[in-house]
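First residue of the sequence shown? That's 6 in our numbering, and the numbers climb one at a time after it. Quick reminder that beta carbons are idealized off the backbone N, C-alpha and C, glycines included. Some notes on the structure that comes next.
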Amino acid sequence: MHYKHNELHPENDPRYKGLAVNRGVEDVPVVNPYRQARKKRRQYTADEYVEGILAGDISLLGQAVTLVESALPEHQEIAQKVIEKCLPHAGRSIRLGITGVPGAGKSTFIEALGMHLVRGGHKLAVLAIDPSSERSKGSILGDKTRMEELSVAKNAFIRPSPSAGSLGGVARKTRESIILCEAAGFDTIFVETVGVGQSEISVHSMVDFFLLIQLAGAGDELQGIKRGIMEMADGIAINKADGNNLEKANVARAQFQNALHLFPPHESGWSPEVLTCSAIEYKGIAEVWNMVERYIAFVRANGYFGHKRNMQSKYWMYETINEQLKSNFYQNKEIRSMLAAEEKRVLADEVSSFIAAKNLLDFYFGHKDSEGGEWK
Numbered sequence: 006m007h008y009k010h011n012e013l014h015p016e017n018d019p020r021y022k023g024l025a026v027n028r029g030v031e032d033v034p035v036v037n038p039y040r041q042a043r044k045k046r047r048q049y050t051a052d053e054y055v056e057g058i059l060a061g062d063i064s065l066l067g068q069a070v071t072l073v074e075s076a077l078p079e080h081q082e083i084a085q086k087v088i089e090k091c092l093p094h095a096g097r098s099i100r101l102g103i104t105g106v107p108g109a110g111k112s113t114f115i116e117a118l119g120m121h122l123v124r125g126g127h128k129l130a131v132l133a134i135d136p137s138s139e140r141s142k143g144s145i146l147g148d149k150t151r152m153e154e155l156s157v158a159k160n161a162f163i164r165p166s167p168s169a170g171s172l173g174g175v176a177r178k179t180r181e182s183i184i185l186c187e188a189a190g191f192d193t194i195f196v197e198t199v200g201v202g203q204s205e206i207s208v209h210s211m212v213d214f215f216l217l218i219q220l221a222g223a224g225d226e227l228q229g230i231k232r233g234i235m236e237m238a239d240g241i242a243i244n245k246a247d248g249n250n251l252e253k254a255n256v257a258r259a260q261f262q263n264a265l266h267l268f269p270p271h272e273s274g275w276s277p278e279v280l281t282c283s284a285i286e287y288k289g290i291a292e293v294w295n296m297v298e299r300y301i302a303f304v305r306a307n308g309y310f311g312h313k314r315n316m317q318s319k320y321w322m323y324e325t326i327n328e329q330l331k332s333n334f335y336q337n338k339e340i341r342s343m344l345a346a347e348e349k350r351v352l353a354d355e356v357s358s359f360i361a362a363k364n365l366l367d368f369y370f371g372h373k374d375s376e377g378g379e380w381k
């Protein structure tokens, strides 16, 4: 409906001298007429992804890793084809697992060591295992913003970890991402643990060398680290060994070295070393990498390198089976409806936890008892 200006604003009538209301600005259209529709990203075939990855195309590598991390069945179908075709071109890198206590300067250390390798002609990919980011809000995304120099380096690829899902699922996707990165020509892979606890075990099961970053001068160092992680470490780097902290770092180095002697010898035959370094001053970084190279040469010479990789492949086969079975069980509609009922029976002391679990599993697998009837 249209109004005359005076009808809309009676104050403009000649009878009201000294009053005037200016005409307002016409309403702008809700849709921007100049905005172009976003182009839909073209979906590549598995062969196109593989061709791009083998050619070192970082953009296609990133998109392929996104497919690996996706939970959509159609994405997983393509991702598994890509992984299968990339597998013959993988396995030629040094895989380094890195973990450390909070505040140890892990991000600064990774950037310092990463830049040392990139400047030396290496191609480096940095991946992460972070199943806890939704709870702790921790993420390698934050680390990436702190790795200013490494994140823009030509031969470096930093990939944030998938934030959702179980540890097993996240770790499996990280392992598959390693295969893609190796096929793309990255000769060194860093796998960082952002979360704490079980994630160290997962990282240890997919790397050649497990490095623990420690901090001196923060109290009783030996009390602040789990025995299990110490036992897994192939080497320890005490960071922030600079300024007033230098003496404390040397004391901590002696303490850790003595503690390592109390642990059972490593299956590899290698005696873990403890070094001091300062990531912010780039001191001791080359020595840490020299330690890694000495370890790799040592385990290749005695055959442990190949043995460990074979054991890891076997481990991840069984882990994937367990993960898929668990996921399939809980996603079953009938099981989901039965779970609530069985839970109520357990809480009401009508059945034991073990009988309830057995009922659910028997229903799921369709087992019969010896008389041909269903388990009750």
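With 16 or more other Cβ atoms from the protein chains shown falling within 10 Å of its own Cβ, glutamate 181 counts as buried.
With respect to alanine 133, glutamate 197 sits close: the two C-beta atoms are nearer than 8 Å. In the three-state reduction of the DSSP assignment, phenylalanine 268 falls in the coil class. The C-alpha of aspartate 213 is placed about 8 Å away from the C-alpha of lysine 313. Contact between leucine 265 and proline 277 holds, with the beta-carbon distance rounding to 5 Å and staying under 8 Å. A contact is defined here as three or more CB-CB pairs under 8 Å, and the stretch 152-165 fails this definition with respect to the stretch 298-318. Here DSSP, grouped into helix, strand and coil, assigns alanine 130 to strand.
Pairing valine 208 with isoleucine 194, the inter-Cα distance amounts to about 12 Å. Annotation: glycine 190 is outside any alpha helix (DSSP H) and is labelled neither H nor E by DSSP. A straight-line Cα-Cα distance of about 19 Å links leucine 217 and leucine 122. For glycine 289, the CB contacts under 8 Å within the same chain, skipping 5 residues up- and downstream, are Ala242, Ala246, Leu280, Thr281, Cys282, Ser283 in chain order.
Assigned with DSSP and collapsed to three states, valine 256 falls in helix. Excluding its 5 nearest sequence neighbours in each direction, tryptophan 321 has C-beta neighbours in its own chain below 8 Å: Arg177, Arg180, Ser210, Met211, listed in chain order. At least 8 Å separates the beta-carbon of alanine 254 from that of alanine 291. Where glycine 119 is concerned, the enclosing alpha helix (DSSP H) starts and stops at 111-124. At least 8 Å separates the beta-carbon of isoleucine 115 from that of isoleucine 99. Of the candidates Asp367, Gly240, Asn250, Asp367 places its Cα closest to the Cα of leucine 344.
In this model, glutamate 236 and asparagine 315 are separated by some 21 Å (Cα to Cα).
For valine 131, the closest alpha carbon among the candidates Gly67, Lys90, Ala84 is that of Gly67.
The Cβ neighbour count for glycine 125, taken over all protein chains shown within 10 Å, is under 16; the residue is labelled exposed. Among the bridge pairs identified by DSSP, threonine 281 is matched with Ile243. The beta carbon of glutamate 154 sits closer than 8 Å to those of Glu116, Met120, all from its chain and outside the five residues before and after it, given in chain order. For leucine 216, the enclosing beta strand (DSSP E) covers residues 214-220. In the structure shown, the three-state DSSP call for valine 73 is helix. Beta-carbon to beta-carbon, isoleucine 340 and tyrosine 369 are separated by about 6 Å, close enough to satisfy the 8 Å threshold. In the structure shown, threonine 325 adopts helical secondary structure according to DSSP, grouped into three states.
The beta carbon of tyrosine 309 sits closer than 6 Å to those of Ser273, all from its chain and outside the five residues before and after it, given in chain order. Cα atoms of asparagine 333 and glutamate 324: separation of roughly 14 Å, rounded to the nearest angstrom. Under the three-state reduction of DSSP output, lysine 159 falls in the coil class, being neither helix nor strand. In the three-state scheme derived from DSSP, where H, G and I count as helix and E and B as strand, threonine 179 is classed as helix. Considering only Pro270, Arg258, Glu286, the residue with the shortest C-alpha distance to glycine 248 is Glu286. Per DSSP, reduced to three states, the secondary structure at glutamate 355 is coil, with no helix or strand assignment.
Within the same chain, Cβ atoms closer than 6 Å to the Cβ of alanine 189 are found at Ile58, Gly61, Leu66, the five residues on either side in sequence being excluded. Using a 10 angstroms sphere on the CB of glutamate 79, the tally of other CB atoms stays under 16, which defines it as exposed. At the C-beta level, alanine 109 and glutamine 262 stay beyond 8 Å of one another. Between the beta-carbon of aspartate 192 and that of histidine 94 there is about 12 Å, and that puts the pair past the 8 Å contact cut.
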